[in-house]
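Peer 1: For what it's worth, my numbering labels the leading residue of the sequence shown as 44, then goes sequentially.
Could you have a look at this structure, given as C-alpha cells, before my questions?
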Amino acid sequence: MRVTVFGATGGTGKHVVDRCLAAGHKVTAVARDPQAVPGERDGLTVLRGDVFDKESVAAAIAGSDAVVSVLGVADRKQPTTVYSAGVANMLAAMAESGPRRIVALSADGVEPNPNVNIGQRLVMALVVAKLFKHQYKDMLAMERVLADSGLDWTAVRPPRLSDGEHTGSYRTGAEPLKDSSTISRADLADYLVTQLEDEDSYQKVVWVST
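Pasting the structure below:
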C-alpha cells in the first residue's frame, strides 16, 4: 500500500514509519520539519506539511491508499484542536482524492475504563485525566469527526506508552481491556500498521494493551 503518515516525527510515528516500510508499504511521512524524519530509505518520501494547512494535507494524501494519524502535542497545558481539526482536514482530502482507509491514534484515557482496578481508576481520574484533559477532550472530538465521515476509519485507544522493545505480543478488544496499563510505542505502531488491511476494524474504536 501507499501510506501517508501524519505525526511521523513523534515517538510512535517514527515506529509507524519503520513498521510500514518493514511490511513493504511505500510511505509518505509528513512533518513540519522534514529533517526530523530519520534517514533516507527505500520506499520513503518525506514531505513538509502541517495538519492545519489544508493544501499541504491534500498534497500529502494525493495518490495514497491509506492514512495513519499519530498526532501529538507538546504543550499539555493549553487547549488544542490538533487532533480534531487535523483529522478533519485529512478526511476532507481523502474525500477529494479517493483513499477511504484511516487509522487514527486516540487514548484509553479519553473515557473511564471500568475494567481496571480501583487504584488505576483513581490515578486516572485524579491525576492523568487532569494532566491530559485538553488532549483527551480533543481526541473525543476527533473520534466523533471520524464516526461522521462515512469512511473506513479506526480509532485506536492505547494506555500509557513506554519506550520498550517491540515484542509483537499485545491484547486487543472492541471494549475497554481488563488490567490495561501500558504498551510500548513499538508494539503500538505494529498494531496500527496491521490494522491498515483489517476490514474487521472498519468504523470502530478499538483498545490495545500488553
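All residues carry an ideal CB built from backbone N, CA and C; glycine is no exception.
Just confirm the distance between the C-beta atoms of T197 and V146, as a whole number of angstroms; I'd bet it's less than 8 Å.
Peer 2: The pair is a contact, with the Cβ atoms about 5 Å apart (cut-off 8 Å).
Peer 1: So what does DSSP say about K247, is it helix, strand or coil?
Peer 2: Here K247 sits in strand by DSSP.
Peer 1: With a Cβ-Cβ cutoff of 7 Å, do M44 and A109 count as a contact?
Peer 2: In this structure, A109 lies closer than 7 Å to M44 by Cβ.
Peer 1: Taking 7 Å as the cut-off, decide whether the C-beta atoms of L114 and G50 are in contact.
Peer 2: Yes, the Cβ-Cβ distance between L114 and G50 is below 7 Å.
Peer 1: Beta-carbon within less than 6 Å of V60's beta-carbon, same chain only, minus the 5 sequence neighbours each way: which residues are those?
Peer 2: Answer for V60: V48, A51, V70 and A72, listed in chain order.
Peer 1: Nearest-angstrom Cα distance between E218 and T253?
Peer 2: Spanning the two alpha carbons is a distance of roughly 15 Å.
Peer 1: Should L239 be labelled buried (16 or more other beta-carbon atoms within 10 Å of its own) or exposed?
Peer 2: L239 should be labelled buried.
Peer 1: When DSSP builds the beta bridges, which residues end up paired with D241?
Peer 2: Partner(s): none; D241 has no beta bridge.
Peer 1: Could you compute how far the alpha carbon of R62 sits from the alpha carbon of V236?
Peer 2: Approximately 7 Å between the Cα atoms of the pair.
Peer 1: Does the distance from the CB of H68 to the CB of A229 come in under 7 Å?
Peer 2: Taking 7 Å as the Cβ cut-off, H68 and A229 do not qualify as a contacting pair.
Peer 1: In whole angstroms, what is the alpha-carbon distance linking P142 and L189?
Peer 2: Approximately 14 Å, taken between the alpha carbons.
Peer 1: What are the uninterrupted segments assigned as alpha helix (DSSP H) that are 4 or more residues long and contained completely in the stretch 99-159, given in chain order?
Peer 2: For the stretch 99-159, whole alpha helix (DSSP H) runs of length 4 or above, ordered along the chain, are 125-140.
Peer 1: Over what stretch of residues does the alpha helix (DSSP H) that includes D181 continue unbroken?
Peer 2: Counting along the chain, the alpha helix (DSSP H) containing D181 begins and ends at K176 to A190.
Peer 1: Specify, as a first and last residue, the run of the alpha helix (DSSP H) that G86 falls within.
Peer 2: Neither: G86 is in no alpha helix (DSSP H) and is coded neither H nor E.
Peer 1: On the DSSP letters alone, give me the boundaries of the beta strand (DSSP E) that G216 sits inside.
Peer 2: Run containing G216: R214 to G216, per the beta strand (DSSP E) assignment.
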